[in-house]
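Since the structure comes first, as structure tokens, the remarks are kept for the end.
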Amino acid sequence: MIRFENVTKVYDQKARPALDAINLEVDRGEFAFLVGASGSGKSTFLRLVLKEDRASSGAVYVAGQNVANISSWRVPRLRRGIGVVFQDFRLLPQKTVFANVAFAMQVIGKSRSVIRETVPEVLKTVGLEGKENRLPHELSGGEQQRVAIARAVVNRPGILLADEPTGNLDPTTSMGIMGVLDKINQNGTTVVMATHDDDIVNEMRKRVVELRNGVIIRDEAKALYTSMIPVVGQSRRLRDASGRDPQPVTTRAEARAAAEHQL
Amino acid sequence: MRLQFILAEIASGLRRNLSMVVSVILVTFVSLTFVGAAGMLQLQINQMKGYWYDKVQVAIFLCSDGSTAAGCATGPVTAEQQENLRNVLESPAVAQYVNDFQFESKDDAYKHFKEQFSNSPIVDSVTPDQLPASFRINMKDPEKYQIISETFSSQAGVETVIDQRQLLERLFSVMNAASLVAVSVAGVMIVCAILLIATTIRLSAFSRRRETGIMRLVGASKMVIQLPFILEGVIAAVIGAALASGTLWAVAHFFLGDYLSKQYPDTAFISAGQTLILVPALIGLGVLLAGVSSLLTLRRYLRV
Chain A
17 MIRFENVTKV YDQKARPALD AINLEVDRGE FAFLVGASGS GKSTFLRLVL
67 KEDRASSGAV YVAGQNVANI SSWRVPRLRR GIGVVFQDFR LLPQKTVFAN
117 VAFAMQVIGK SRSVIRETVP EVLKTVGLEG KENRLPHELS GGEQQRVAIA
167 RAVVNRPGIL LADEPTGNLD PTTSMGIMGV LDKINQNGTT VVMATHDDDI
217 VNEMRKRVVE LRNGVIIRDE AKALYTSMIP VVGQSRRLRD ASGRDPQPVT
267 TRAEARAAAE HQL
Chain B
224 MRLQFILAEI ASGLRRNLSM VVSVILVTFV SLTFVGAAGM LQLQINQMKG
274 YWYDKVQVAI FLCSDGSTAA GCATGPVTAE QQENLRNVLE SPAVAQYVND
324 FQFESKDDAY KHFKEQFSNS PIVDSVTPDQ LPASFRINMK DPEKYQIISE
374 TFSSQAGVET VIDQRQLLER LFSVMNAASL VAVSVAGVMI VCAILLIATT
424 IRLSAFSRRR ETGIMRLVGA SKMVIQLPFI LEGVIAAVIG AALASGTLWA
474 VAHFFLGDYL SKQYPDTAFI SAGQTLILVP ALIGLGVLLA GVSSLLTLRR
524 YLRV
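Going down the list, the protein sequences come from chains A and B.
Count along the first sequence from 1, then add 16; that gives the number in our numbering.
Count along the second sequence from 1, then add 223; that gives the number in our numbering.
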């Protein structure tokens, strides 16, 4: 579904590449976590999939198509096949839950009857039935994220990209959100989720791809947030395969702090 | 559905940016009014040319009592001199340029004078004696005035030869200058309008960046994202153009039609109906202004 072939992304010629010769394949219907410290290249990875940026070298394939060959007027079609969820929800504050989800269908020209039929269905999938007419500020963070997920999947994309969707949520709410994402994944949607949330990754036992400094240092099926190889304290630094910047951000608190610092 | 959606977006954009939209409307209104005024002046010039060039004549004024011109050394024109001039006019050398001519005696001149200045007290102080007699010549080709002038200026009994067209030309050149001024003012105002439209679109794009960001992500086409912004500018400009057209029509109808044409009944003013041919031009210009400036702005400030 998503294939990276030797992809390098350089933002600044003088700095190290954001992604450095990445090779990765995510199959149809797979659920993959993308973990790593801030600046490790997770967001760049997602941006390249969406063709928000161009790879400096190498090829990015989405649904079998090299995104470099997609002309700019066809990019909307690519994006219709990809749903995106963010840490900050990005709902429209003056629109109701229903209108927020319907918005994604309106702008691509779906008919009113289709919208009226599909939106309640999707809201039910994410567990928001009965809250159609609430405004975003009347909802809890978890509920807002559910609205955002509903909006991302209402057009039935083949891929769902989630950029730290639980970053603003408490652990219990996060698990609820993960349940929703898992349900969507069960329905056949490929899910790629960038996260710092070790509890969630450990709980889900899905594929884990760990990035550090733009390089994949681990790609394990049914894995934990940290490596299965038992490591204690200082010795964690040994895991740094690339040999560069031997300063892993391992605890959740540290990761949060780093993320906030970057914002 | 998409059309309805775009219309709703435009309405919300116009509401949110009301003060900017009003200023765009006013600026396009003023600039297009100046463009239209220049157009109206040109229409008026053409109208007057058509009307007057058929009627204006070359006038050969004959010597009267007070004449001081060289040809009048012998005093007021004699019957003999007058007959001589008539013969020259009828001679083949001159007649080929002349459609027809009339002799206007002092009494005729007095009668015309009284008609033209019927409202003025000056009529009471003028006597037929003070007005010169003249030959009024209708030329086949008004451009050949020079020939008549050369032939008759030196004839005995002729005070002066006047091409009435030249008097009109002077008026037209004044009107042309006025329309040039109107066009220059319009040019400056149009630059204002373009910049203001660009700023408005920029603000509008900024205040709706959340929506457009989401639209981009869910795969809305470039058209769906950009069209509301472009149409916002275009609608404002069209309203401005409509106001400008209305103003020009009102000027033609009330000022030219009702007021000036009563003051100067013998002048052909353009009718209010004629100004309507300027309307499509003004609206087209407004749409072009808004469309081009918003397209260029969006290209810079709205990522799609």
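Note that the Cβ used here is the ideal one computed from N, Cα and C, for glycine as well.
Span of the beta strand (DSSP E) around residue i
i	result
Asn22 (chain A)	18-25
Tyr77 (chain A)	73-78
Asp323 (chain B)	321-327
Phe284 (chain B)	281-285
Leu151 (chain A)	No beta strand (DSSP E) holds Leu151 (chain A); DSSP gives it neither H nor E.
Phe47 (chain A)	47-51
Ala296 (chain A)	What is shown of chain A runs 17 to 279, which leaves residue 296 (chain A) out entirely.
Three-state secondary structure (DSSP) of residue i
i	result
Gly195 (chain A)	helix
Phe452 (chain B)	helix
Thr242 (chain A)	coil
Ala37 (chain A)	strand
Asp386 (chain B)	strand
Thr520 (chain B)	helix
Ile86 (chain A)	coil
Thr141 (chain A)	helix
Ala231 (chain B)	helix
Phe340 (chain B)	coil
Asn301 (chain A)	Nothing can be reported for residue 301 (chain A): it is not among the residues displayed for chain A, which extend from 17 to 279.
Gln193 (chain B)	As displayed, chain B neither begins before 224 nor continues past 527, which places residue 193 (chain B) out of reach and without an answer.
Leu226 (chain B)	helix
Val515 (chain B)	helix
Gln81 (chain A)	strand
Arg255 (chain A)	The predicted position of Arg255 (chain A) is uncertain, since its pLDDT is 48 and thus under 50; no value can be drawn from it.
Leu99 (chain A)	Rather than Leu, the amino acid found at residue 99 (chain A) in this sequence is Gly. Residue state, collapsed to three classes: strand.
Glu226 (chain A)	strand
Met243 (chain B)	helix
Arg132 (chain A)	helix
Ala491 (chain B)	coil
Arg288 (chain B)	Here residue 288 (chain B) is Asp; the residue named in the question, Arg, does not match the sequence. In this structure, Asp288 (chain B) counts as coil in the three-state DSSP scheme.
Phe358 (chain B)	strand
Gln250 (chain A)	Confidence at Gln250 (chain A) is low in this model, with a pLDDT of 42, below 50, so its placement is unreliable and no value can be given for it.
Thr423 (chain B)	helix
Asp347 (chain B)	helix
Thr206 (chain A)	strand
Thr297 (chain B)	coil
Ile458 (chain B)	helix
Thr211 (chain A)	strand
Proximity of residue i and residue j at Cβ, strictly below 8 Å
i	j	result
Val208 (chain A)	Leu50 (chain A)	yes
Thr112 (chain A)	Met121 (chain A)	no
Val231 (chain A)	Asp36 (chain A)	yes
Leu308 (chain B)	Gln378 (chain B)	yes
Pro187 (chain A)	Pro152 (chain A)	no
Val253 (chain B)	Leu419 (chain B)	no
Leu66 (chain A)	Val225 (chain A)	no
Leu315 (chain A)	Ala178 (chain A)	Outside the displayed range of chain A (17 to 279) lies residue 315 (chain A), so it cannot be described from this structure.
Phe61 (chain A)	Arg223 (chain A)	no
Ser407 (chain B)	Asn240 (chain B)	no
Leu391 (chain B)	Val474 (chain B)	no
Anticipated Cβ contact below 8 Å, residue i with residue j, distance rounded
i	j	result
Met398 (chain B)	Ile268 (chain B)	5 Å
Ile371 (chain B)	Ile360 (chain B)	6 Å
Arg162 (chain A)	Gly143 (chain A)	6 Å
Leu501 (chain B)	Leu479 (chain B)	Their Cβ separation, rounded to whole angstroms, is 14 Å, which puts Leu501 (chain B) and Leu479 (chain B) out of contact at 8 Å.
Pro355 (chain B)	Leu285 (chain B)	6 Å
Val117 (chain A)	Val138 (chain A)	6 Å
Arg433 (chain B)	Arg63 (chain A)	Actually they are not in contact, since the Cβ atoms of Arg433 (chain B) and Arg63 (chain A) sit about 19 Å apart, beyond 8 Å.
Ile175 (chain A)	Ile124 (chain A)	Not confirmed; about 16 Å, so no contact.
Ser290 (chain B)	Glu382 (chain B)	5 Å
Thr435 (chain B)	Val244 (chain B)	Their Cβ separation, rounded to whole angstroms, is 18 Å, which puts Thr435 (chain B) and Val244 (chain B) out of contact at 8 Å.
Opening and closing residue of the alpha helix (DSSP H) in which residue i lies
i	result
Thr498 (chain B)	495-498
Asn176 (chain B)	This structure gives no information on residue 176 (chain B), because the portion of chain B shown stretches from 224 to 527.
Ser59 (chain A)	58-65
Thr435 (chain B)	432-440
Val163 (chain A)	157-169
Ile233 (chain A)	No alpha helix (DSSP H) holds Ile233 (chain A); the beta strand (DSSP E) holding it covers 231-236.
Ala115 (chain A)	113-122
Glu219 (chain A)	214-220
Proximity test, residue i beta-carbon vs the ligand NAD heavy atom, cut-off 7 Å
i	result
Gly298 (chain B)	The model on display carries no ligand, and the ligand NAD is accordingly not part of it.
Amino acids of chain E, ordered along the chain, whose beta-carbon sits closer than 9 Å to that of residue i
i	result
Ala120 (chain A)	Absence of chain E from the displayed structure is noted, the protein chains being A and B.
Any 3 or more C-beta pairs closer than 8 Å across the stretch 387-398 of chain B and the stretch 408-415 of chain B: no
message: Does the stretch 179-186 of chain A come into contact with the stretch 203-219 of chain A, if we say contact requires no fewer than three beta-carbon pairs (one atom in each stretch) closer than 8 Å?
response: yes
message: Assess contact between the stretch 448-459 of chain B and the stretch 502-522 of chain B, defined as three or more Cβ pairs (one per stretch) separated by less than 8 Å. Is contact present?
response: yes
- prompt: Just checking, does the stretch 443-455 of chain B make contact with the stretch 283-301 of chain B on the three C-beta pairs under 8 Å criterion?
  reply: no
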